[in-house]
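Here the sequence shown is numbered in my numbering, starting from 2 and rising by one per residue.
Built from N, CA and C at the ideal position, the CB exists for glycine as well.
Keep in mind that this is a model prediction, so the values were computed, not measured.
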Amino acid sequence: MNKDNDVSEYKIGRTTFIVKLVFNPASKERLTDILQRLIDRECEEMLGESGQEPEKQAV
(Lines of atoms letter the chains of each structure in order from A and count residues from 1; the text may use other names and numbers.)
(Lines give C-alpha, C1' and ligand atoms only; values in the text may rest on other atoms or scores of the structure.)
Protein backbone atom coordinates (compact mmCIF):
# COMPACT_ATOMS: atom_id res chain seq x y z
CA MET A 1 0.00 0.00 0.00
CA ASN A 2 1.21 3.46 -0.82
CA LYS A 3 1.51 5.30 2.52
CA ASP A 4 1.37 8.73 0.88
CA ASN A 5 -2.25 8.51 -0.23
CA ASP A 6 -3.38 5.08 1.01
CA VAL A 7 -4.07 3.68 -2.46
CA SER A 8 -3.63 -0.01 -3.35
CA GLU A 9 -3.78 -1.76 -6.69
CA TYR A 10 -5.02 -5.35 -6.93
CA LYS A 11 -5.03 -7.48 -10.07
CA ILE A 12 -7.51 -10.33 -10.18
CA GLY A 13 -7.56 -12.10 -13.51
CA ARG A 14 -7.58 -9.42 -16.20
CA THR A 15 -9.22 -6.84 -13.93
CA THR A 16 -7.23 -4.26 -11.97
CA PHE A 17 -8.89 -2.76 -8.89
CA ILE A 18 -7.67 0.56 -7.48
CA VAL A 19 -8.66 0.83 -3.81
CA LYS A 20 -8.35 3.96 -1.70
CA LEU A 21 -8.43 3.67 2.08
CA VAL A 22 -10.80 6.24 3.58
CA PHE A 23 -11.91 6.74 7.17
CA ASN A 24 -14.77 8.97 8.19
CA PRO A 25 -13.46 11.19 11.02
CA ALA A 26 -17.04 11.82 12.18
CA SER A 27 -17.71 8.11 12.69
CA LYS A 28 -18.36 7.04 16.26
CA GLU A 29 -17.49 3.44 15.42
CA ARG A 30 -13.99 2.12 16.16
CA LEU A 31 -12.02 0.12 13.60
CA THR A 32 -12.28 -2.99 15.80
CA ASP A 33 -16.09 -2.61 15.82
CA ILE A 34 -16.18 -2.35 12.03
CA LEU A 35 -13.95 -5.41 11.60
CA GLN A 36 -16.00 -7.44 14.09
CA ARG A 37 -19.23 -6.54 12.27
CA LEU A 38 -17.71 -7.61 8.93
CA ILE A 39 -16.43 -10.90 10.38
CA ASP A 40 -19.82 -11.60 11.99
CA ARG A 41 -21.64 -10.89 8.73
CA GLU A 42 -19.31 -13.16 6.76
CA CYS A 43 -19.75 -15.99 9.30
CA GLU A 44 -23.53 -15.64 9.16
CA GLU A 45 -23.45 -15.83 5.36
CA MET A 46 -21.19 -18.90 5.42
CA LEU A 47 -23.36 -20.70 7.97
CA GLY A 48 -26.51 -19.87 6.03
CA GLU A 49 -25.11 -21.37 2.83
CA SER A 50 -24.61 -24.83 4.38
CA GLY A 51 -28.33 -25.40 4.81
CA GLN A 52 -27.87 -26.48 8.44
CA GLU A 53 -29.44 -24.82 11.38
CA PRO A 54 -26.84 -22.61 13.15
CA GLU A 55 -27.08 -24.48 16.49
CA LYS A 56 -26.11 -27.73 14.74
CA GLN A 57 -23.03 -26.35 13.05
CA ALA A 58 -19.47 -26.40 14.32
CA VAL A 59 -17.92 -22.94 14.28
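Three-state class that DSSP yields for Glu10 in the structure shown: Walking along the sequence shown from the start, residue 10 turns up at place 9. If DSSP states are grouped into helix, strand and coil, Glu10 belongs with the strands.
Between which residues of its own chain and Asp7 is the CB-CB distance below 7 Å, once the five residues before and five after are set aside? Start at 1 with the first residue of the sequence shown, and residue 7 comes out as number 6. Contacts found: Lys21, Leu22.
In its own chain, which residues sit with a C-beta less than 6 Å from the C-beta of Phe18, not counting the 5 before and 5 after it? Working through the sequence shown from its first residue, we reach residue 18 at position 17. Here the set comprises Tyr11.
Using the Cα positions of Asn25 and Cys44, report the straight-line distance between them to the nearest angstrom. Numbered from 1 along the sequence shown, position 24 holds the residue referred to as residue 25. Numbered from 1 along the sequence shown, position 43 holds the residue referred to as residue 44. If I take the Cα positions, the gap works out to 25 Å.
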